[in-house]
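**Student:** Below: one structure in structure tokens.
Numbering (this note's numbering), first residue to last: 145 to 344.
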């Protein structure tokens, strides 16, 4: 039995590394990508979850008044898929300035207080601009599952921004699940992201 309890994400590569009919021991909090789950079924590989082997990843979340409703729905999605979160506000429908909240979310990620960030404003654009002003942040405004996966797999995005007025709650759920279940793994993408990070 292979022990993968230190992994927070189980991918196709993990499944391909196991023999047909093997058992893989994974953390009870690990995310399994859809392709990995399909391949495991195809190869009759059993994924056995073990409690308490990996810490839950923590997400910084925030919103302005235009994204408040979606931020509250986001909490339920994070609870469902096993992520802790810290809410940086806003907490009411009173008009506020999105840069204040986007900056707080991005700083928490940049300073490594939290692992990733998700910020919601009316369109997702302004918050993305703000977050990308913070050193070490690679923010992406995503509008569907494909852009969410690409922002992580190709660009190593560590902050996701969403438009609470331009996507539905159901679309948000799909985008967030896709974003959190995708990692920057291939060397060619890592090399390109390193070039982004080296820019002044």
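Note that beta-carbon positions come from the ideal geometry of N, C-alpha and C, so glycine has one too.
If you're wondering where the values come from, they're calculated on a predicted model, not measured in any experiment.
(1) Whole alpha helix (DSSP H) runs in the segment 235-279 with 4 or more residues, listed along the chain?
(2) With three or more C-beta pairs closer than 8 Å as the rule, is the segment 156-170 touching the segment 185-193?
(3) Please list, in chain order, all residues of the same chain as residue 236 whose beta carbon is under 8 Å from its beta carbon, the five residues on each side excluded.
(4) In terms of residue numbering, what span does the alpha helix (DSSP H) encompassing residue 290 cover?
(5) Just to confirm, are residue 207 and residue 234 a CB contact at a threshold of 7 Å?
(6) Tell me the DSSP bridge mates of residue 228?
(7) Could you tell me which residues DSSP pairs with residue 360 in its beta bridges?
(8) First and last residue of the beta strand (DSSP E) that includes residue 322?
(9) Can you tell which of 291, 257, 306 has its C-alpha closest to the C-alpha of residue 273?
(10) Closer than 6 Å by C-beta to residue 265: which residues in its own chain qualify, once you throw out the five before and the five after it? Chain order, please.
(11) Residue 165: buried (16+ other C-beta within 10 angstroms of its C-beta) or exposed?
(12) For a test of the three-state rule: what should DSSP assign to residue 330, helix, strand or coil?
(13) Specify the secondary structure class of residue 150 as computed by DSSP and reduced to three states.
(14) Report buried or exposed for residue 118, applying the criterion of at least 16 other Cβ atoms within 10 angstroms of its Cβ.
(15) Check the DSSP bridge columns for residue 155 and list the partner residues they point to.
**Tutor:** By the coordinates alone:
(1) 242-254, 269-275
(2) Under the Cβ criterion (8 Å, minimum of three pairs), the segment 185-193 counts as touching the segment 156-170.
(3) In the chain shown, the residue the question calls residue 236 occupies position 92. Here the set comprises 209, 212.
(4) Position 146 of the chain shown, counted from the first residue, corresponds to residue 290. Following the DSSP letters along the chain, one finds residue 290 inside the alpha helix (DSSP H) bounded by residues 289-297.
(5) Within the chain shown, residue 207 is the residue found at index 63, counting from 1. Within the chain shown, residue 234 is the residue found at index 90, counting from 1. Going by C-beta atoms, residue 207 is nearer than 7 Å to residue 234.
(6) Taking the chain shown and counting its residues from 1, the one referred to as residue 228 is at position 84. According to DSSP, residue 228 bridges with 202.
(7) Missing from the structure shown is residue 360; the chain here goes from 145 to 344 and no further.
(8) Against the chain shown, residue 322 aligns to sequence position 178. Where residue 322 is concerned, there is no enclosing beta strand (DSSP E), although the alpha helix (DSSP H) it sits in stretches over 313-324.
(9) Within the chain shown, numbered from 1, the residue matching residue 273 stands at position 129. It is 306 whose Cα lies nearest to the Cα of residue 273.
(10) Your numbering for residue 265 matches position 121 in the chain shown. Counting only Cβ-Cβ distances below 6 Å, and skipping sequence neighbours, we find 208, 210, 211, 242, 271.
(11) The residue labelled residue 165 in the question sits at position 21 within the chain shown. The residue in question, residue 165, is exposed, as its Cβ has fewer than 16 Cβ neighbours within 10 Å.
(12) Along the chain shown, one-based indexing puts residue 330 at 186. Three-state result, residue 330: coil.
(13) As a working mapping, residue 150 is identified with position 6 in the chain shown. Residue 150 falls in the coil class under three-state DSSP.
(14) With the chain running from 145 to 344 in the structure shown, residue 118 is simply not present.
(15) Within the chain shown, residue 155 is the residue found at index 11, counting from 1. In DSSP, residue 155 forms no bridge with anything.
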